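Novice:
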Ligand SMILES: Cc1cc2nc3c(=O)[nH]c(=O)nc-3n(C[C@H](O)[C@H](O)[C@H](O)COP(=O)(O)OP(=O)(O)OC[C@H]3O[C@@H](n4cnc5c(N)ncnc54)[C@H](O)[C@@H]3O)c2cc1C
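Written out as structure tokens, the structure is:
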């Protein structure tokens, strides 16, 4: 792609809707219960599926007899892995990464089970009730195997093996380095280090996972409706696994109630339902219940990070060294593999700072837990937590203001594009501006005085900062996951203007609540010069938008937005040619605004866009010579490197000196996501992300015991914050259009979750600084604070 | 998460309900608000062969004053109590505790009888019943009996209720008008079951403490009456030291367990903190009452 092509479009867009606080048009439907989720579809002849799930963390399947279940009322079929063999190929998440061991993830367990909740069999029945009743008639005998309970023990050479074919539980390892970090740290005036623990996290969507497969024998077309973020990706994978041509498979993700990464992978249930529907020639539905979702949806993080940061006496960072162990759970998921989170930790650990010397190592270790997958922020929440905690400790040691220490070390404006130690390139970011504005909004002096007064009165109050920079809108230069064989660098816009002048914009991205129907309509309306209301946006259906993967990794605004600009510009050009012909004017002298074509130097002369659209389809007689009729186009966009987003978060907290409850008193975000398409949507994304970050910081933790049993199998025990635990989050923007993307957009869907755990942990450490307590683990629960305070006070 | 199969009965009279219970022996479950029972069924942790749904038994739903007592029908919704002027005036502790029970939709369905019969030691109502010396009226095929709350709660989710009995009514004697009350609790989130809760009703005059009643939730297999702590308050008065010593005693009296949300140590610590807070707030309220 040429650089002129990138530069020009930012100028050419005359924003009218882009940048406006347009109300989300999908909300009328979604907030009044009129959305159509998977479970809202009831095709005639529908069957229901229920899965038999392992109660053991690790066991050989000694016997699996389904004959009694088959005779139960309403049961149509019962399948195990044996029945699937002729129907589907095994799933193997491949990667070209050197130190990665590929393993198999069977849709139904073969020979042994590797985590509690793994599916062994499926009952297909006339209702879900009957299906669940019949599950109890499946006869299973397990020979328990030793539990591979956690990463540190699983990584021992004599640990029991989870995947014999791998020969080790360490399924991947990787190192990124720059300079000579050991020498640099040896020479550092100040060094700070700790072992950090970022606990395992579940993805709790309002809508659980679920899918509905239908294969009418007449058409031979397989339709899968799924609560997925990635319809295109599923279609490609299913074509391969089921050995069907891609154009016979349609994957639809209409309304989806949240995803956050956990709905971006291919799941066993999706494969099984497709195979079953194809065999039975009847539609089959499976809706995950909350317990299944907590047991089997991909989980996140679960990292142990040993990190050490070295600085000069004046506070200049000279190096960072870190060893990360990631508990990747029982299976490597398709398509991201188990490498996604681990590798991103060491890719992003150097943060927004100039980092002359660096070494980050990671190993991903398989254990008897649900498979690990992407979660909002991938890799960045933990790295921001670690690095920003070390920065605060350094500031305390050097008696420097934590904000000043950051300002001193941020990558400076004249250093962009900046290549990180892991080889990523930050195109540009406004780190200093975000921090300065955050301090202004906080009214840092007043808040610091308030803190001093409150402390004098015996209260435990603290202020915490966190800055991050993240890579978004990633193009084809870097695979989303290392060494992954699938392409994630492009998206397409399919734009169609009908003879009445209304616009249908179809995209292969697939939102789960992000407001694409509004944001992308704004972009298209501006690119064409038509009214917002005349643009309809359709997403998430591979029959309508066959090329592209989906919505994940903060990519839709950049990739789909860029494709929308291109498609809009192409059609606008053609429309102006037609209009020029109709008006006998030079198209170069024409423009379109508010659905009206007009002469630039005589704006009162013009004609409605509608008339032009009608003419476009009226046949050759009415069109310029050699012009093909119609107003339709498909355009693709690949931003190649992607673009950086950044933000500074500030948390002000109080810790109850007796109950150790943490109350967040203020939460400020100053972010730069480039040109803002819709501030309402951006602020909603930030707030939602921060809410999830607050959950991570204070409440949420997936707990498995030493036998691999899940102790947080319901929402009574897995605590997500509710409206009562949240507070108004103050969101401010710095708007620096990206120099490298069409439209100047930067991705921003994940940032809230990235900054919040770090800012809150730092604020709690600040509140407890008189006790010398440094938070090195999330979530920060009252129980943990009770123990830390006891230890600090010397009480047993 | 679908319940196992069960027969379903929806009687409209208490007699009918009792007859059905008798018919199934200990194999049936009474269904009231369903806020505790339905999760048990959906997790398939309970396999009753029949559910006797008492939601249509209108005679079990009331809240009225009788001979100086407040009598509440077992089927009365938590939400009804929350909005009852009578409960607010006569049983302010019960009223305050109600606002801590779950969330609005749960209180809209959940009943007082269900909460007591379920006997979750971390629940608010059993603790309130204990601290207010409430009486539970139980009806079986052989007739009615009444039992003090202190004898009703036997162990974790276990009560003195026989399988063929139904809780029909709960009777509270309002505390003297001069006394103050408080329900203090710590939960991980708003609406969660308490890690620990402490209910207190005390009647003070200056630093003197005429009567004190204290009980803890979530700190043992049943709600626990903190009698030795009450004695300290009455003996030593609501002085700083008296309160401190009563609170420390409370922490000795409880027998909490550890779980993923809190250790036994932390629950003991919270018992002490919350007992102190409950006494202090109850005392302040008592003073306001008199003023
Ligand atoms: C998300 C959530 C949060 C909650 N939070 C709290 C909380 O913070 N504090 C709290 O106290 N509770 C809480 N609850 C529980 C709630 O208060 C229940 O309503 C209550 O525990 C049971 O009352 P119920 O009417 O729903 O009884 P059901 O669920 O219908 O029955 C519970 C048990 O009592 C028996 N039973 C019911 N009525 C009678 C009767 N009259 N005679 C004999 N046996 C009877 C049933 O057979 C069953 O065994 C919560 C519930 C949920 C779902």
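Chains as they are written, first to last, in the numbering used here: chain A, 72 to 867; chain B, 136 to 426. Each residue gets a CB set at the ideal place from its N, CA and C atoms; glycine is no exception. Bear in mind that the values here come from a model prediction, so they are computed numbers and not experimental data.
Determine the burial state of residue 277 (chain A): buried for a count of at least 16 other Cβ atoms within 10 Å of its Cβ, exposed for fewer.
Specialist: Its Cβ having fewer than 16 others within 10 Å, residue 277 (chain A) is exposed.
Novice: Residues of the region 810 to 831 of chain A with a CB closer than 8 Å to any CB of chain B: list them in chain order, please.
Specialist: Result list empty, no residue passes.
Novice: Does the Cβ of residue 228 (chain B) lie closer than 7 Å to at least one heavy atom of ligand 1?
Specialist: False, no ligand heavy atom lies under 7 Å from that Cβ.
Novice: Within the 8 Å Cβ cut-off, does residue 427 (chain A) reach chain B?
Specialist: Answer no: the Cβ-Cβ gap between residue 427 (chain A) and chain B never drops below 8 Å.
Novice: Roughly how far, in whole angstroms, is the beta-carbon of residue 538 (chain A) from the beta-carbon of residue 550 (chain A), given that I think they are within contact range, below 8 Å?
Specialist: Not quite, the Cβ-Cβ distance comes to about 27 Å (not below 8 Å), so this is no contact.
Novice: Identify, in the order they occur along the chain, each residue of the same chain with its Cβ nearer than 8 Å to the Cβ of residue 481 (chain A), setting aside the five sequence neighbours on each side.
Specialist: Correct list, in chain order: 423, 424, 425, 502, 503, 506 and 538.
Novice: What three-state label does DSSP hand residue 857 (chain A) in the structure shown?
Specialist: Helix, per DSSP.
Novice: If the cut-off is 9 Å on Cβ atoms, which residues from the region 319 to 352 of chain B count as contacting chain A, listed in chain order?
Specialist: So the close ones are 321, 323, 324, 325, 326, 327, 328 and 330.
Novice: Can you list the residues of chain B that residue 730 (chain A) reaches, using a CB-CB cut of under 7 Å?
Specialist: By Cβ distance, chain B contributes 321, 405 and 408.
Novice: For residue 357 (chain A), which beta-bridge partners are listed by DSSP?
Specialist: DSSP output for residue 357 (chain A) lists A:282 as bridge partner(s).
Novice: For a cutoff of 8 Å on Cβ pairs, would you count residue 783 (chain A) as touching chain B?
Specialist: It does; some Cβ of chain B falls within 8 Å.
Novice: Any heavy atom of ligand 1 closer than 7 Å to the CB of residue 255 (chain B)?
Specialist: Under cutoff, so the answer is yes.
Novice: Which parts of the region 327 to 356 of chain A are runs of the alpha helix (DSSP H), unbroken and 4 residues or longer, counting only runs that do not cross its ends?
Specialist: Here the runs fully enclosed are 339 to 351.
Novice: Name, going along the chain, the residues of the region 791 to 811 of chain A whose beta-carbon falls closer than 8 Å to a beta-carbon of chain B.
Specialist: Answer in chain order: 792, 793, 795 and 796.
Novice: Once the 5 residues before and after residue 410 (chain B) are set aside, which same chain residues still bring their CB inside 6 Å of it?
Specialist: Same-chain partners within the cutoff: 333, 382 and 385.
Novice: For residue 571 (chain A), which residues of its own chain have a beta-carbon under 8 Å away from its beta-carbon, when the five flanking residues on both sides are left out?
Specialist: Excluding sequence neighbours, residue 571 (chain A) sits near 681, 684 and 685.
Novice: By a C-beta neighbour count over all protein chains shown, 10 Å radius and 16 as the cutoff for buried, is residue 245 (chain B) buried or exposed?
Specialist: When all chains shown are included, residue 245 (chain B) counts as buried.
Novice: Does any residue of chain A bring its CB to less than 8 Å from the CB of residue 398 (chain B)?
Specialist: It does: the Cβ of residue 398 (chain B) has a partner Cβ on chain A nearer than 8 Å.
Novice: What span of residues does the alpha helix (DSSP H) with residue 505 (chain A) cover, start to end?
Specialist: Counting along the chain, the alpha helix (DSSP H) containing residue 505 (chain A) begins and ends at 502 to 513.
Novice: Going by the C-beta, is residue 362 (chain A) closer than 7 Å to any heavy atom of ligand 1?
Specialist: Checking the Cβ of residue 362 (chain A) against ligand 1 gives no.
Novice: With burial defined as no fewer than 16 other Cβ atoms inside 10 Å of the residue's Cβ, what is the status of residue 279 (chain A): buried or exposed?
Specialist: Buried is the call here.
Novice: Along chain A, in chain order, which residues have C-beta atoms closer than 9 Å to that of residue 287 (chain B)?
Specialist: The contacting residues do not exist; residue 287 (chain B) stays about 25 Å from chain A at best.
Novice: With distances taken from CA atoms, which of A:331, A:345 and A:346 is nearest residue 369 (chain A)?
Specialist: Selected option, being the one with the closest Cα: A:331.
Novice: If you follow the beta strand (DSSP E) that residue 307 (chain B) is in, where does it begin and where does it stop?
Specialist: Taken as a continuous stretch (DSSP letters only), the beta strand (DSSP E) holding residue 307 (chain B) covers 301 to 307.
Novice: Check for me: the alpha helix (DSSP H) holding residue 838 (chain A) runs from which residue to which?
Specialist: Segment 822 to 838, the alpha helix (DSSP H) holding residue 838 (chain A).
Novice: Is the beta carbon of residue 814 (chain A) closer than 8 Å to that of residue 706 (chain A)?
Specialist: Contact: no.
Novice: Can you look up residue 763 (chain A) in the DSSP assignment and give me helix, strand or coil?
Specialist: Residue 763 (chain A): helix per DSSP, three-state reduction.
Novice: Would you check whether ligand 1 has a heavy atom nearer than 7 Å to the C-beta of residue 429 (chain B)?
Specialist: Lying before the first or after the last residue shown, residue 429 (chain B) is absent from chain B, which here runs from 136 to 426.
Novice: Quick check: does the Cβ of residue 246 (chain B) come within less than 7 Å of any heavy atom belonging to ligand 2?
Specialist: Ligand 2 is not part of the structure shown, which contains ligand 1 as its ligands.
Novice: Using a 10 Å radius around the Cβ and a threshold of 16 neighbouring Cβ atoms, would you call residue 524 (chain A) buried or exposed?
Specialist: So residue 524 (chain A) counts as exposed.
Novice: Using a Cβ cut-off of 9 Å, which residues of the region 346 to 366 of chain A contact any Cβ in chain B, in chain order?
Specialist: Hits within the stretch, in order: 360, 361, 362 and 363.
Novice: Could you tell me whether any non-hydrogen atom of ligand 1 is closer than 7 Å to the CB of residue 89 (chain B)?
Specialist: As shown, chain B starts at 136 and ends at 426. That puts residue 89 (chain B) outside it, with no answer to give.
Novice: Could you tell me if the beta carbon of residue 259 (chain B) falls within a distance shorter than 7 Å of some heavy atom in ligand 1?
Specialist: Because some heavy atom of ligand 1 lies under 7 Å away, the Cβ of residue 259 (chain B) counts as near it: yes.
Novice: Taking C-beta to C-beta, are residue 258 (chain B) and residue 352 (chain B) nearer than 8 Å?
Specialist: Yes; because the gap between Cβ atoms is below 8 Å, this pair is in contact.
Novice: Any idea if residue 40 (chain A) is buried or exposed, counting beta-carbon neighbours within 10 angstroms, 16 or more meaning buried?
Specialist: Residue 40 (chain A) falls outside the range modelled here, since chain A spans only 72 to 867, and no answer is possible.
Novice: Since residue 172 (chain A) contacts residue 242 (chain A) with CB under 8 Å, what's their CB separation in whole angstroms?
Specialist: Contact holds; Cβ gap of about 5 Å.
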